[in-house]
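Accompanying notes for the structure given below.
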Amino acid sequence: MKKKTSISDKTLKLIEQKQIKLIPKWEFVARNWGLWLAFGISLMAGILGTGLSWFGLIDKIITPYWWILVAIIFLILAYFIFEKTKKAYRRPQWQVALMLMVGGLVIGVGLFKIGWANRIDKNLEKNFPYYRQIVPMKLEVWNNPGEGYLSGVIVKINGANNWEIEDFDGKRWTIFGDNILIRGRALIEIGQEIKIIGELRGNSSFEAEEIRPWSGINQTNLKEN
Amino acid sequence: MIDSKICQDLSDNELVALSHEDSRYFYCLMKRYEEKLANYVHRLTYLPDDDVADVVQNSFIQAYSHLNDCDCDLKFSSWLYRIVHNQAINFLKKSKRSLKINIDDSDDEFVEWLVSDENIEKETIRKYFNENVRAILEKLKPDYQEVLLLKFFEEKDYQEISDILQKPMGTVATLLSRAKIQFKEIYEKENKY
Numbered sequence: 342m343k344k345k346t347s348i349s350d351k352t353l354k355l356i357e358q359k360q361i362k363l364i365p366k367w368e369f370v371a372r373n374w375g376l377w378l379a380f381g382i383s384l385m386a387g388i389l390g391t392g393l394s395w396f397g398l399i400d401k402i403i404t405p406y407w408w409i410l411v412a413i414i415f416l417i418l419a420y421f422i423f424e425k426t427k428k429a430y431r432r433p434q435w436q437v438a439l440m441l442m443v444g445g446l447v448i449g450v451g452l453f454k455i456g457w458a459n460r461i462d463k464n465l466e467k468n469f470p471y472y473r474q475i476v477p478m479k480l481e482v483w484n485n486p487g488e489g490y491l492s493g494v495i496v497k498i499n500g501a502n503n504w505e506i507e508d509f510d511g512k513r514w515t516i517f518g519d520n521i522l523i524r525g526r527a528l529i530e531i532g533q534e535i536k537i538i539g540e541l542r543g544n545s546s547f548e549a550e551e552i553r554p555w556s557g558i559n560q561t562n563l564k565e566n
Numbered sequence: 007m008i009d010s011k012i013c014q015d016l017s018d019n020e021l022v023a024l025s026h027e028d029s030r031y032f033y034c035l036m037k038r039y040e041e042k043l044a045n046y047v048h049r050l051t052y053l054p055d056d057d058v059a060d061v062v063q064n065s066f067i068q069a070y071s072h073l074n075d076c077d078c079d080l081k082f083s084s085w086l087y088r089i090v091h092n093q094a095i096n097f098l099k100k101s102k103r104s105l106k107i108n109i110d111d112s113d114d115e116f117v118e119w120l121v122s123d124e125n126i127e128k129e130t131i132r133k134y135f136n137e138n139v140r141a142i143l144e145k146l147k148p149d150y151q152e153v154l155l156l157k158f159f160e161e162k163d164y165q166e167i168s169d170i171l172q173k174p175m176g177t178v179a180t181l182l183s184r185a186k187i188q189f190k191e192i193y194e195k196e197n198k199y
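So the protein lines, in turn, are chains R and X.
Residue numbers for the first sequence follow our numbering, beginning at 342 and rising by one.
Residue numbers for the second sequence follow our numbering, beginning at 7 and rising by one.
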């Protein structure tokens with residue numbers, strides 16, 4: 342190594358000539374915080390996905406597939422972001438992956454157990470118009486008048502707020518109500534398939550509060566089955 | 007230039023703190039590590055002297071510009087070795103060369119570690135390794151070569167190797183143990199015929 346003693350001199354000269362400056366601390370701090378923030382958001386989305394998947398799988402009210410996908414994607418993303426943080430190398434990768442998986446599952450199931458998954462699902466439905474098209478409710482939920490959910494085909498229109506439907510078991514229902522909220526592309530016409538939220542008022546009477554179109558792909562498949 | 011006597015009395019961390027204000031203090035750090043790092047790159051890559059000097063110089067410039075990102079929880083030397091190691095590996099990738107460890111002589115501690123759990127033929131194995139250690143090292147997986155080089159030729163402890171290679175300490179221990187097994191497999195294979 343003939344020239345190695347001069348590396349320091351050459352480097353100092355280069356630093357001074359090119360006026361190389363220190364990268365400001367805030368840039369590193371911002372990057373670091375950005376990483377942890379992205380990790381936190383991904384982890385929370387992963388946990389939310391797990392909770393709602395569980396809600397879909399156990400309570401069978403919503404189709405869980407979309408939330409399973411969300412849980413998988415965000416927990417994997419959280420893993421990769423964590424691996425970019427400064428001290429991540431000190432933990433074995435399998436340990437990090439396992440902790441995220443177990444943590445996501447435990448907290449997600451916890452969310453479901455305390456009823457937050459159900460609440461979050463309802464909030465999303467209320468605040469995001471297309472949410473129910475992405476995460477449809479299952480057919481059996483809409484064939485449950487005692488719980489306030491009914492669905493079927495309009496077979497007769499008696500008046501503005503009074504018509505008759507035939508549910509998918511072939512039973513005829515009289516639907517009535519005041520100030521009925523008609524959502525989305527729901528049409529009150531004979532032959533239209535609709536979903537109704539309201540209250541059971543007798544053996545074959547149902548008071549409607551809200552009408553929705555029958556639009557979910559999964560629901561159509563379920564109905565055919 | 008800063009008086010070299012002043013530099014001698016200052017720790018790495020003190021010099022890092024002073025380098026924020028005056029790049030000449032960074033010169034002290036460069037002087038302190040220049041030879042060690044050049045030797046390390048030389049052993050790790052088997053590159054010609056000019057290329058080794060380029061790798062070390064680029065590492066110093068990167069270290070200087072990233073001083074604010076210096077991880078004070080770990081040793082400054084580990085942080086610096088990490089930068090040099092990554093620069094060296096990048097240099098090899100860019101020039102489409104593979105890692106090729108270059109050691110000039112055998113290391114007693116290393117050979118002792120290799121034969122430590124051998125009960126028979128201890129002396130024969132020791133003699134063989136002393137004569138052929140370089141040739142066998144070259145046949146090992148790059149991961150094994152890296153940890154062996156840091157452990158026995160740069161005399162780094164497990165924590166330092168972990169910080170330099172950014173691998174968990176358990177993985178470092180596993181790599182060392184596997185390197186030992188592979189070393190012996192090569193020995194047995196070559197002495198079979």
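For glycine and all other residues, C-beta sits at the position ideal for the given N, C-alpha and C.
Roughly how many whole angstroms lie between the Cα atoms of residue i and residue j?
| i | j | result |
| --- | --- | --- |
| glycine 557 of chain R | isoleucine 521 of chain R | Note on glycine 557 of chain R: pLDDT 46, under 50, position unreliable in the model; the coordinate value appears next. C-alpha separation (whole angstroms): 21 angstroms. |
| glycine 518 of chain R | lysine 479 of chain R | 25 angstroms |
| asparagine 468 of chain R | isoleucine 529 of chain R | 24 angstroms |
| aspartate 508 of chain R | tryptophan 514 of chain R | 7 angstroms |
| alanine 419 of chain R | arginine 431 of chain R | 17 angstroms |
| tryptophan 119 of chain X | glycine 444 of chain R | 41 angstroms |
| aspartate 149 of chain X | serine 122 of chain X | 22 angstroms |
| aspartate 163 of chain X | proline 405 of chain R | 50 angstroms |
| phenylalanine 547 of chain R | proline 554 of chain R | 17 angstroms |
| arginine 542 of chain R | asparagine 502 of chain R | 15 angstroms |
| methionine 442 of chain R | proline 54 of chain X | 48 angstroms |
| glutamate 191 of chain X | threonine 130 of chain X | 15 angstroms |
| phenylalanine 369 of chain R | leucine 378 of chain R | 14 angstroms |
| serine 183 of chain X | phenylalanine 423 of chain R | 28 angstroms |
| tyrosine 33 of chain X | serine 65 of chain X | 13 angstroms |
| leucine 353 of chain R | serine 29 of chain X | 8 angstroms |
| lysine 37 of chain X | glutamine 14 of chain X | 10 angstroms |
| leucine 355 of chain R | alanine 185 of chain X | 41 angstroms |
| leucine 24 of chain X | serine 17 of chain X | 11 angstroms |
| glutamine 434 of chain R | tyrosine 39 of chain X | 32 angstroms |
| isoleucine 361 of chain R | serine 101 of chain X | 26 angstroms |
| glycine 375 of chain R | tryptophan 457 of chain R | 28 angstroms |
| glutamate 160 of chain X | proline 365 of chain R | 32 angstroms |
| isoleucine 523 of chain R | asparagine 459 of chain R | 23 angstroms |
| arginine 140 of chain X | glutamate 27 of chain X | 44 angstroms |
Nearest to residue i by CA position, among the options, is which residue?
| i | options | result |
| --- | --- | --- |
| tryptophan 407 of chain R | R:Gly532, R:Ile498, R:Ile495, R:Tyr472 | R:Tyr472 |
| arginine 109 of chain X | X:Thr130, X:Cys78, X:Glu115, X:Arg49 | A small fix is needed here, since residue 109 of chain X is isoleucine in this sequence, not arginine. Among X:Thr130, X:Cys78, X:Glu115, X:Arg49, the Cα nearest to that of isoleucine 109 of chain X is on X:Arg49. |
| valine 575 of chain R | R:Lys425, R:Lys463, R:Gly387 | The question about residue 575 of chain R has no answer, for chain R in this structure spans 342 to 566. |
| phenylalanine 158 of chain X | X:Glu137, X:Ala185, X:Lys11, X:Glu115 | X:Glu115 |
| asparagine 45 of chain X | X:Tyr134, X:Glu20, X:Val62 | X:Val62 |
| phenylalanine 380 of chain R | R:Asp510, R:Gln474, R:Ile417, R:Asn484 | R:Ile417 |
| isoleucine 506 of chain R | R:Ser545, R:Ile361, R:Leu398 | R:Ser545 |
| asparagine 485 of chain R | R:Lys463, R:Lys512, R:Trp504, R:Gly500 | R:Lys512 |
| leucine 156 of chain X | X:His26, X:Phe97, X:Ala179 | X:Ala179 |
| isoleucine 516 of chain R | R:Glu550, R:Arg524, R:Trp483, R:Glu466 | R:Glu550 |
| alanine 371 of chain R | X:Val139, X:Asn74, X:Glu27 | X:Asn74 |
Return the chain-ordered list of same chain residues with a C-beta closer than 6 angstroms to the C-beta of residue i, the five sequence neighbours on each side being excluded.
| i | result |
| --- | --- |
| aspartate 169 of chain X | Leu80, Ser84 |
| glutamine 533 of chain R | Ile495 |
| glutamine 188 of chain X | Leu146 |
| isoleucine 409 of chain R | Ser394 |
| isoleucine 475 of chain R | Trp407 |
| tyrosine 134 of chain X | none |
Given a cut-off of 8 angstroms on the beta-carbon distance, is the pair residue i and residue j in contact?
| i | j | result |
| --- | --- | --- |
| lysine 428 of chain R | asparagine 373 of chain R | no |
| isoleucine 498 of chain R | alanine 527 of chain R | no |
| phenylalanine 453 of chain R | isoleucine 399 of chain R | yes |
| alanine 59 of chain X | isoleucine 348 of chain R | yes |
Below 7 angstroms CB to CB, which residues in the same chain sit around residue i once its five sequence neighbours on both sides are set aside?
| i | result |
| --- | --- |
| phenylalanine 415 of chain R | Ser383, Ala386, Gly387, Gly390 |
| leucine 181 of chain X | Asp149, Tyr150, Val153 |
| glutamate 144 of chain X | Lys106, Ile107 |
| glutamate 466 of chain R | Tyr472, Arg473 |
Excluding the 5 residues preceding and the 5 following residue i in the sequence, name in chain order all residues of the same chain whose CB lies nearer than 8 angstroms to its CB.
| i | result |
| --- | --- |
| valine 437 of chain R | Tyr420, Phe423, Glu424, Ala429 |
(message) So, does the segment 433 to 452 of chain R touch the segment 384 to 393 of chain R, judging by three or more C-beta pairs under 8 angstroms?
(response) yes
(message) With three or more beta-carbon pairs closer than 8 angstroms as the criterion, would you say the segment 490 to 508 of chain R touches the segment 536 to 555 of chain R?
(response) yes
(request) Check whether the segment 58 to 74 of chain X touches the segment 86 to 98 of chain X, taking contact to mean three or more Cβ pairs, one atom from each stretch, closer than 8 angstroms. (result) yes
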